[in-house]
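Asker:
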């Protein structure tokens with residue numbers, strides 16, 4: 001009996017490149033597993049085209065049609081659209097993307113990086129490299145809002161001043177006045193939580209201006225991957241990206257799989273994590289002999305497999321994978337890993353470990369005032 | 374006072390009052406994810422344990438004033454009410470207890486939201502209590518203000534000038550007008566009735 005595995009990725013629309021990379025990773029894993037003795041997997045593919053209503057409709061159809069496991073949803077917006085349906089129909093979503101944290105749903109397995117894997121190391125790096133004036137720029141939905149809120153908190157705690165914040169509608173080009181504002185506020189770094197064409201137009205715009213500016217601005221992203229790095233061109237050079245996996249970390253097997261399956265032939269974190277998700281599902285289903293979501297989840301937790309990304313054990317309570325936080329600098333269409341944790345780090349989606357270092361509930365000291373005559 | 378929203382509850386202790394051990398355990402599981410140490414209680418909770426909690430999560434279907442070691446609506450920590458039967462009388466009891474946030478038992482996955490709301494609503498309640506106490510204290514000092522103004526008028530000033538002088542004293546010392554009045558009167562007493 002074959003396992004029907006739902007793959008819900010927007011391979012058209014404003015963030016199609018990310019969806020194409022993730023879908024290719026899942027299909028590459030299915031193809032690779034079909035050569036072994038695993039239970040055959042039949043992919044059930046849906047392309048919501050970046051349209052939120054389509055996510056709901058297609059996910060419902062899939063779950064009503066008997067699919068119990070889905071790998072998919074690129075944006076947090078789409079994941080949050082799918083969750084009520086997963087709850088109603090008892091499905092399980094294996095989510096392969098970096099996200100902003102503050103979620104731990106019983107119908108989701110979180111395989112992408114959490115804020116302690118991206119926001120925290122990236123803001124540590126900025127502070128350590130002497131950057132002092134940050135501009136926050138994000139797509140106008142939950143990923144942009146929440147990563148920038150966390151970035152503001154982390155930067156402020158590290159003594160970096162936030163000099164401005166702007167949000168761009170999903171799918172829109174970043175307007176030139178925002179680039180003017182970044183320069184006018186004398187920002188020395190930009191936290192870039194834009195996705196799709198907003199991100200490409202921003203990076204190309206700021207690179208064009210940097211040629212004339214004396215001091216270049218350091219741009220930092222928590223989600224830039226090889227999936228759409230080539231689209232940006234040389235404008236991406238110098239961009240720092242925080243994430244759990246880059247092409248430089250990939251094995252020959254994974255690179256070969258990407259060459260054969262991904263439209264751009266590249267390994268990205270989206271490609272690798274979707275690949276790993278399918279490996280985990282296949283191994284767990286094989287070990288328990290059923291596709292019952294809670295049984296499969298328990299098996300995936302209790303008997304973890306070494307995936308194409310390496311060991312990434314899942315926390316049974318938080319339902320998040322342990323990942324290795326890495327920082328990488330873009331140059332000539334590739335990422336060079338400039339910093340990497342020695343071992344996988346547990347996800348901290350609610351940023352609970354930050355409490356010990358920095359308390360947000362500190363009383364505000366009373367200002368000392370005096371009469372000036 | 375400037376206050377930022379609390380969304381990190383790591384290290385806090387939550388007492389969970391619910392008759393069902395299964396629901397208590399489900400809430401404990403959710404609390405584990407937030408770094409909160411939950412203590413489920415199915416019978417009469419120990420008063421000291423309750424008083425020591427950072428937050429209390431209680432079943433409003435079976436809640437009772439007698440279970441809680443504080444006068445009605447005067448809990449010293451945020452309260453989250455678990456909505457079960459939705460009977461109007463029980464909701465009325467919970468509102469009278471000034472429960473800060475509510476969550477249906479069927480939606481325990483959203484406990485984080487209830488925690489954030491309860492902490493914020495409770496913090497506002499504390500600020501309001503402090504403001505009310507301060508206003509009451511000031512109101513009780515009105516007679517002192519009149520006495521201080523009369524005292525300052527003895528130097529030949531009119532009442533407007535005397536009040537202005539008292540205000541200036543309060544501003545320089547960064548204290549309230551009532552405190553300045555009380556201070557002036559006590560100083561006058563100790564100085565043998567000579568106003569300065």
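Residue numbers (this note's numbering), protein chains in the order written: chain A, 1 to 373; chain B, 374 to 569. The beta-carbon is built from N, C-alpha and C at its ideal position, and this holds for glycine as well. All values reported here derive from a predicted model rather than from experimental measurement.
What are the start and end residues of the beta strand (DSSP E) that includes residue 221/A?
Answerer: 218-221 is the extent of the beta strand (DSSP E) around residue 221/A.
Asker: To which residues of the same chain is residue 412/B closer than 6 Å at the C-beta, ignoring the five residues directly before and after it?
Answerer: These residues qualify, in order along the chain: 388.
Asker: Below 8 Å between beta carbons is the criterion; list the residues of the stretch 403-426 of chain B that meet it against any residue of chain A, in chain order.
Answerer: Under the 8 Å Cβ criterion, the stretch 403-426 of chain B contributes 405, 406, 407 and 408.
Asker: So with CB distances below 8 Å, who are the chain B contacts of residue 102/A?
Answerer: Those within 8 Å of residue 102/A in chain B are 380 and 485.
Asker: Please report the Cβ distance between residue 243/A and residue 149/A, rounded to the nearest whole angstrom; I am assuming they are in contact, meaning their Cβ atoms lie under 8 Å.
Answerer: About 19 Å; that fails the 8 Å criterion.
Asker: Can you tell me which of 541/B, 397/B and 464/B puts its alpha carbon nearest to the alpha carbon of residue 437/B?
Answerer: The shortest C-alpha separation from residue 437/B is found at 464/B.
Asker: Kindly indicate which three-state DSSP category residue 361/A falls into: helix, strand or coil?
Answerer: In this predicted model, residue 361/A has a pLDDT of only 44, less than 50, meaning its place in the structure is not dependable enough to derive any value.
Asker: Could you tell me which uninterrupted alpha helix (DSSP H) segments, each at least 4 residues in length, are contained entirely in the stretch 246-318 of chain A, listed from first to last along the chain?
Answerer: Fully enclosed alpha helix (DSSP H) runs of 4 or longer: 252-261, 269-288 and 293-302.
Asker: Using Cβ-Cβ distances below 9 Å, what residues of the stretch 108-127 of chain A are close to chain B?
Answerer: The residues in question: there are none.
Asker: In the stretch 277-298 of chain A, which residues sit with their C-beta less than 9 Å from some C-beta in chain B, listed in chain order?
Answerer: Of all residues in the stretch 277-298 of chain A, none has a Cβ within less than 9 Å of some Cβ in chain B.
Asker: Whole angstroms is fine: what's the gap from residue 569/B's alpha carbon to residue 538/B's?
Answerer: Residue placement at residue 569/B cannot be trusted, given a pLDDT of 46 that sits under 50; the coordinates are not used to answer.
Asker: Just how far apart, CA to CA, sit residue 347/A and residue 513/B?
Answerer: Rounded to whole angstroms, residue 347/A to residue 513/B spans 55 Å at the Cα level.
Asker: Under 8 Å between the Cβ atoms of residue 283/A and residue 305/A?
Answerer: Yes, Cβ-Cβ distance for residue 283/A and residue 305/A is below 8 Å.
Asker: Would you report the Cα separation of residue 197/A and residue 70/A, rounded to the nearest angstrom?
Answerer: Roughly 27 Å separates the two Cα atoms.
Asker: Check whether the Cβ of residue 106/A lies closer than 8 Å to any Cβ atom in chain B.
Answerer: So yes, residue 106/A belongs to the interface.
Asker: Candidates 548/B, 544/B, 484/B and 528/B: which alpha carbon is nearest residue 402/B's?
Answerer: If we check each option's Cα against that of residue 402/B, 484/B comes out closest.
Asker: Which chain B residues sit within Cβ distance under 8 Å of residue 377/A?
Answerer: Only positions 1 to 373 of chain A appear in the structure, and residue 377/A is not among them; the question remains open.
Asker: Within 10 Å of its beta-carbon, does residue 34/A have 16 or more other beta-carbons around it, so buried, or fewer, so exposed?
Answerer: Under this definition residue 34/A is an exposed residue.
Asker: If the criterion is Cβ atoms closer than 8 Å, does the pair residue 10/A and residue 262/A meet it?
Answerer: Going by C-beta atoms, residue 10/A is not nearer than 8 Å to residue 262/A.
Asker: Locate the beta strand (DSSP E) running through residue 414/B, then write down its first and last residues.
Answerer: 410-414 is the extent of the beta strand (DSSP E) around residue 414/B.
Asker: Counting only C-beta atoms, is residue 62/A closer than 8 Å to chain B at any point?
Answerer: It does not; no Cβ of chain B falls within 8 Å.
Asker: Quick one: measure Cβ to Cβ for residue 168/A and residue 194/A, integer angstroms, because I've assumed they're closer than 8 Å.
Answerer: Yes, they are in contact, since the Cβ atoms of residue 168/A and residue 194/A sit about 6 Å apart, within 8 Å.
Asker: Closer than 8 Å between beta carbons: that is the criterion. Which residues of the stretch 429-448 of chain B meet it against chain A?
Answerer: Within the stretch 429-448 of chain B, no residue has a Cβ that lies closer than 8 Å to any Cβ of chain A.
Asker: Answer with yes or no whether the minimum CB distance from residue 352/A to chain B is below 8 Å.
Answerer: Closer than 8 Å to some Cβ of chain B, the Cβ of residue 352/A qualifies, so yes.
Asker: Just mark residue 417/B as buried or exposed, buried being the case when its beta carbon has 16 or more other beta carbons within 10 Å.
Answerer: The residue in question, residue 417/B, is exposed, as its Cβ has fewer than 16 Cβ neighbours within 10 Å.
Asker: Could you spell out the range, first to last residue, of the alpha helix (DSSP H) harbouring residue 103/A?
Answerer: It is not in any alpha helix (DSSP H) - residue 103/A carries neither H nor E in the DSSP assignment.
Asker: Of all the CB atoms in chain A, is at least one closer than 8 Å to the CB of residue 397/B?
Answerer: No - not a single Cβ of chain A is within 8 Å of the one on residue 397/B.
Asker: Using a Cβ cut-off of 8 Å (strictly closer), state whether residue 479/B contacts chain A.
Answerer: No, its Cβ sits nowhere closer than 8 Å to a Cβ of chain A.
Asker: Where do the N-terminal and C-terminal ends of the beta strand (DSSP E) with residue 192/A fall, by residue?
Answerer: First-last of the beta strand (DSSP E) with residue 192/A: 189-193.
Asker: Closest by CA to residue 99/A, which one among 90/A, 135/A, 78/A and 84/A?
Answerer: Checked all of 90/A, 135/A, 78/A and 84/A; the closest Cα to residue 99/A is 78/A.
Asker: With 8 Å as the threshold, decide whether the Cβ of residue 482/B is near any Cβ in chain A.
Answerer: Interface residue, yes.
Asker: How should residue 400/B be labelled, buried or exposed, when 16 other C-beta atoms within 10 angstroms of its C-beta is the threshold for buried?
Answerer: By the 10 Å Cβ count, residue 400/B comes out buried.
Asker: What number of angstroms, rounded off, separates the C-alpha of residue 102/A from the C-alpha of residue 252/A?
Answerer: Taking the straight line from one Cα to the other gives about 35 Å.
Asker: Report yes or no: do the stretch 77-91 of chain A and the stretch 54-68 of chain A share at least 3 C-beta pairs separated by less than 8 Å?
Answerer: As far as the Cβ criterion goes, the stretch 77-91 of chain A touches the stretch 54-68 of chain A, which means the pair count is three or higher.
Asker: Output the boundary residues of the alpha helix (DSSP H) element that contains residue 89/A.
Answerer: Residue 89/A -> alpha helix (DSSP H) spans 76-89.
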